[in-house]
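Written below as structure tokens is the structure these notes are about.
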Amino acid sequence: MRSGSSVGTTKKLWKTMLQYKYFYLMVLPVLIWYALFAYAPMYGVTLAFKTFDYSGGILGSPWIGFDHFQKIWSDADFHTAFKNTIIISLMKLLINFPVPILLAILLNEFSRKTAKRFFQTILTFPHFISWVVLAGIITIILSRDGVVNQVIMAFGFESIAPLTDKDSFRPLLYITHMWREVGWDSIIYLAALAGINPELYEAAEMDGANRFKRLQHIAWPGIKSTVAILLILHVGQLLTQGASFEQIFNLYSSPVYAVADVIDTYIYRTSFQIGGDFGYMTAAGLIKSVISVVLLITANTIVKRMGEEGLY
Amino acid sequence: MKQTLMKKRSKMSAFDIAVYIVLGLLSLITFFPFYNVIIISFAKFEVISKFNLYLLPLSFDLTAYKVLMSDAKFWSSMFNSVLITVFGVLFSMTISVAGAYALSKKGMPGRNGMLTLILFTMFFNGGLIPFYLVVKALGLVNSMLVMIIPAGLSTFYLIIMKNYFGTLPESLEESAKLDGANDLYILLKIILPISAPFIATFGLFYAVERWNEWWYALIFISDSAKTPLQIYLRETLITSNGLLNTLAQQAADSDSSKVYTPALQMATIVVSSVPIIMVYPFLQKHFAKGILVGSIKG
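Note that the protein sequences, when read in sequence, are chains A and B.
If you use my numbering, the first sequence corresponds to residues 1 to 312, in order.
If you use my numbering, the second sequence corresponds to residues 1001 to 1298, in order.
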């Protein structure tokens, strides 16, 4: 009897799956893509515990245990890259996470759609230009005879070279990141603000609530859950997006390596330009990935404790 | 009553002016570098070399553009980028639309497992070296396919599309099913036509990504005949060892047409950005509506 019913459910499942056969066919290419380009490399992290051998590849290289991690522990270049990754990502979170929220709130204050649209059009544009081009523009306008120095010298000051200056390179990263992303990042909050029932605003105005009160009691509660989810997403991708390879690699140069080299640029340079051991470099990458997951879980837990819905 | 209303309005406009000033300054700072790029690309060498501060478009000259157009490498890179963009968008859209549509079917056994596996990749990956070795093992090093296939799927877009397909009413499909149409046919003949604007938007997002592609080329392409426009730009703008700079030098030496090197670099930026500027209004029209909102919760 028991086995009969289990055969029955298996049969039923089989029948349902058969009904969905075309959908399995449709999703198959996507699944193959993830298997090849996400999960095969994920298995490849085993290289972190192997010594890389060209003929053996990921599967055939011999195991060596934790040797790479012991070596990393005393690798001064990795220490620098690790420290820079943490500092740059955290500063970007601190600066570049709240500003788009503020921008969205400001934009939302416009009753006239055209003004909102105008500012949005300009502020979102840089997001669609590659870091290669943006870095090129930044390099040229900050060069010795670039427009920034022309203005500075017209006022009788000394010319500046922030791209090769250790003190100003990181702030330049924060500012240029904001230049590219602030408009784009604010879109999601604007959408959340647009979803708030306008009657709430009207009622509040009738009650004589001022701007700040309306912000506190209507706008903020309306976007709080969006902010919470995005905070988790940002923290989870902090080390990758924050210490962005694309931005830093196109802007930095040897005079600022000490403050600008991050784990991703360090791995790229050491692997492809210097010829470091692939197993060792995989270990360096794994450390970053593991920290990212820990950060994600921590952020999710904190947000949930605060009474918001988490990511999972 | 009338007086309080008036009072309120004047108070509001004071605040409005402050907001206008703040956003106006922000927009000016955001836009100024692009403005600078454009005016310098058209600046005449003789004019710009006299100025200490060149803020207004005081001369118009196409020499920089002419020198750029004479560079064969520019054209071959441009051609590669067009190729990558066209085939990249076709590949990306085919697999993402099919995959997202299938994943929007709540009754499909195994769906939740698939979604979890897909979302997990947003937060954990094997890192650069294992990825490089896998791509190498697949024979994609120095192949233009590397900028089309491994680069070609965005988890973020896939999830947004899945959420969108999930909002379509099932009644659309039911009547076709009664007529005996299969699910593939329904996707192509019913779902795609009604989703055309939505799908076009994502096609454009993918197109911009492919056009801006340089990371895959940096890591995987060493054959200079296969490099895209962004690598050409990188060589011209950042590493300064591009052929273009040599051409500028030649032009200057022959003295027939002096060209200001930054003007040449700026001209390269302008030409390479034209496609983005052309699609930008369409992109903006759709993202402003907040199509990305559904993306947050997977």
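Just so you know, even glycine gets a beta-carbon here, dropped at the ideal spot from N, CA and C.
Do you know offhand how far residue i's Cα is from residue j's?
{"i": "Lys71 (chain A)", "j": "Ile1129 (chain B)", "result": "18 Å"}
{"i": "Ile1191 (chain B)", "j": "Phe1120 (chain B)", "result": "28 Å"}
{"i": "Leu1237 (chain B)", "j": "Gln247 (chain A)", "result": "14 Å"}
{"i": "Pro1018 (chain B)", "j": "Glu109 (chain A)", "result": "What sits at residue 1018 (chain B) in the sequence shown is Ala, not Pro. Each residue's Cα considered, the two are about 11 Å apart."}
{"i": "Phe1124 (chain B)", "j": "Gly1113 (chain B)", "result": "16 Å"}
{"i": "His1286 (chain B)", "j": "Ile101 (chain A)", "result": "20 Å"}
{"i": "Arg305 (chain A)", "j": "Ile297 (chain A)", "result": "12 Å"}
{"i": "Leu1090 (chain B)", "j": "Gly56 (chain A)", "result": "36 Å"}
{"i": "Leu59 (chain A)", "j": "Tyr24 (chain A)", "result": "30 Å"}
{"i": "Lys1073 (chain B)", "j": "Ile1269 (chain B)", "result": "15 Å"}
{"i": "Leu134 (chain A)", "j": "Met1078 (chain B)", "result": "18 Å"}
{"i": "Val1135 (chain B)", "j": "Gly1127 (chain B)", "result": "12 Å"}
{"i": "Trp33 (chain A)", "j": "Phe52 (chain A)", "result": "25 Å"}
{"i": "Tyr189 (chain A)", "j": "Arg117 (chain A)", "result": "15 Å"}
{"i": "Phe245 (chain A)", "j": "Ile86 (chain A)", "result": "14 Å"}
{"i": "Pro1109 (chain B)", "j": "Ile1159 (chain B)", "result": "18 Å"}
{"i": "Tyr1157 (chain B)", "j": "Leu106 (chain A)", "result": "28 Å"}
{"i": "Tyr266 (chain A)", "j": "Phe1031 (chain B)", "result": "33 Å"}
{"i": "Leu1187 (chain B)", "j": "Ala1102 (chain B)", "result": "10 Å"}
{"i": "Val1279 (chain B)", "j": "Asn210 (chain A)", "result": "41 Å"}
{"i": "Tyr1132 (chain B)", "j": "Thr240 (chain A)", "result": "17 Å"}
{"i": "Arg1111 (chain B)", "j": "Trp14 (chain A)", "result": "15 Å"}
{"i": "Ala194 (chain A)", "j": "Arg112 (chain A)", "result": "14 Å"}
{"i": "Val293 (chain A)", "j": "Ala1176 (chain B)", "result": "45 Å"}
{"i": "Lys12 (chain A)", "j": "Tyr20 (chain A)", "result": "13 Å"}
{"i": "Lys1106 (chain B)", "j": "Ile187 (chain A)", "result": "29 Å"}
{"i": "Ser253 (chain A)", "j": "Ile95 (chain A)", "result": "24 Å"}
{"i": "Leu215 (chain A)", "j": "Val1082 (chain B)", "result": "47 Å"}
With distances taken from CA atoms, which of the options is nearest residue i?
{"i": "Ala258 (chain A)", "options": "A:Lys288, A:Gly195, A:Lys166", "result": "A:Lys166"}
{"i": "Ala1137 (chain B)", "options": "A:Val30, A:Gly279, A:Gly44", "result": "A:Gly44"}
{"i": "Ser1059 (chain B)", "options": "B:Phe1051, B:Ser1049, B:Leu1068, B:Lys1044", "result": "B:Lys1044"}
{"i": "Lys50 (chain A)", "options": "A:Glu309, A:Tyr312, A:Arg305, A:Asp277", "result": "A:Asp277"}
{"i": "Gly136 (chain A)", "options": "B:Tyr1280, B:Pro1033, B:Leu1115", "result": "B:Pro1033"}
{"i": "Glu1213 (chain B)", "options": "B:Val1097, B:Ile1160, B:Ile1149, B:Ala1263", "result": "B:Ile1149"}
{"i": "Ala313 (chain A)", "options": "A:Val182, A:Pro41, A:Ala228, A:Ala192", "result": "This structure gives no information on residue 313 (chain A), because the portion of chain A shown stretches from 1 to 312."}
{"i": "Asn132 (chain A)", "options": "B:Thr1239, B:Leu1283, B:Ala1014, B:Arg1234", "result": "For the sequence presented, residue 132 (chain A) should be read as Val rather than Asn. Out of B:Thr1239, B:Leu1283, B:Ala1014, B:Arg1234, B:Arg1234 has the C-alpha closest to the C-alpha of Val132 (chain A)."}
{"i": "Val1271 (chain B)", "options": "B:Lys1105, B:Trp1075, B:Gly1088, B:Glu1046", "result": "B:Trp1075"}
{"i": "Val1095 (chain B)", "options": "B:Ser1171, B:Ile1199, B:Pro1169, B:Phe1015", "result": "For the sequence presented, residue 1095 (chain B) should be read as Ile rather than Val. Closest by alpha carbon: B:Ile1199."}
{"i": "Ser1154 (chain B)", "options": "B:Glu1209, B:Leu1026, B:Ile1277, B:Ala1267", "result": "B:Glu1209"}
{"i": "Asn1142 (chain B)", "options": "B:Tyr1020, B:Ile1221, B:Ile1276, B:Leu1025", "result": "B:Ile1221"}
{"i": "Ser271 (chain A)", "options": "B:Leu1025, B:Pro1275, B:Gly1166, B:Ile1219", "result": "B:Ile1219"}
{"i": "Asn1080 (chain B)", "options": "B:Lys1226, B:Ile1231, B:Lys1162, B:Gly1107", "result": "B:Lys1226"}
{"i": "Tyr54 (chain A)", "options": "A:Ile95, A:Gly275, A:Met17, A:Ile291", "result": "A:Gly275"}
{"i": "Thr1116 (chain B)", "options": "A:Leu31, A:Thr121, A:Tyr268", "result": "A:Leu31"}
{"i": "Ala1100 (chain B)", "options": "B:Lys1050, B:Gly1166, B:Ile1231", "result": "B:Gly1166"}
Take residue i and list the residues in its own chain whose beta-carbon comes closer than 6 Å to its own, dropping the five residues that flank it on each side.
{"i": "Leu1140 (chain B)", "result": "Val1146"}
{"i": "Gly307 (chain A)", "result": "none"}
{"i": "Tyr280 (chain A)", "result": "His68"}
Please check the pair residue i and residue j, which I expect to be a contact at CB under 8 Å, by giving their CB distance rounded to whole angstroms.
{"i": "Ile1084 (chain B)", "j": "Pro1228 (chain B)", "result": "6 Å"}
{"i": "Thr327 (chain A)", "j": "Pro255 (chain A)", "result": "It is not possible to answer for residue 327 (chain A), since the shown part of chain A is limited to 1 through 312."}
{"i": "Asp261 (chain A)", "j": "Thr80 (chain A)", "result": "6 Å"}
{"i": "Leu231 (chain A)", "j": "Leu295 (chain A)", "result": "Between Leu295 (chain A) and Leu231 (chain A) the Cβ distance is about 11 Å, and since that is not below 8 Å, they are no contact."}
{"i": "Ile141 (chain A)", "j": "Asn1036 (chain B)", "result": "6 Å"}
{"i": "Leu123 (chain A)", "j": "Val182 (chain A)", "result": "6 Å"}
{"i": "Met1144 (chain B)", "j": "Phe1202 (chain B)", "result": "No, Met1144 (chain B) and Phe1202 (chain B) are not in contact; Cβ-Cβ is about 22 Å, not under 8 Å."}
If you run the structure through DSSP and keep just helix, strand and coil, what is residue i?
{"i": "Lys1106 (chain B)", "result": "coil"}
{"i": "Trp63 (chain A)", "result": "strand"}
{"i": "Lys1044 (chain B)", "result": "coil"}
{"i": "Lys1050 (chain B)", "result": "coil"}
{"i": "Tyr34 (chain A)", "result": "helix"}
Please go through the same chain and pick out, in chain order, the residues whose beta-carbon is closer than 7 Å to the beta-carbon of residue i, but skip the five residues on each side of it.
{"i": "Ser159 (chain A)", "result": "Arg144, Asn149, Ile152, Met153"}
{"i": "Ala115 (chain A)", "result": "none"}
{"i": "Gly1152 (chain B)", "result": "Gly1088, Phe1091, Ser1092"}
{"i": "Ala1267 (chain B)", "result": "Ser1041, Ala1064, Tyr1065, Leu1068"}
{"i": "Ile218 (chain A)", "result": "Ile196, Leu200, Tyr201, Ala204"}
{"i": "Thr310 (chain A)", "result": "The residue you asked about is not Thr; residue 310 (chain A) is Gly in the sequence shown. Correct list, in chain order: Ile232, Asn300, Val303, Lys304."}
Who are the Cβ neighbours of residue i in its own chain at under 8 Å, not counting the five residues just before and after it?
{"i": "Leu286 (chain A)", "result": "Val45, Ala48"}
{"i": "Ile1048 (chain B)", "result": "Ile1040, Tyr1054, Ser1059, Tyr1260, Ala1263"}
{"i": "Met315 (chain A)", "result": "The requested residue 315 (chain A) does not occur in the structure, where chain A is confined to residues 1 to 312."}
{"i": "Tyr22 (chain A)", "result": "none"}
Run the proximity test for residue i: is its beta-carbon closer than 7 Å to any non-hydrogen atom belonging to the ligand NAD?
{"i": "Ile1039 (chain B)", "result": "In the structure shown, the ligand NAD is absent, as is every other ligand, since no ligand is present at all."}
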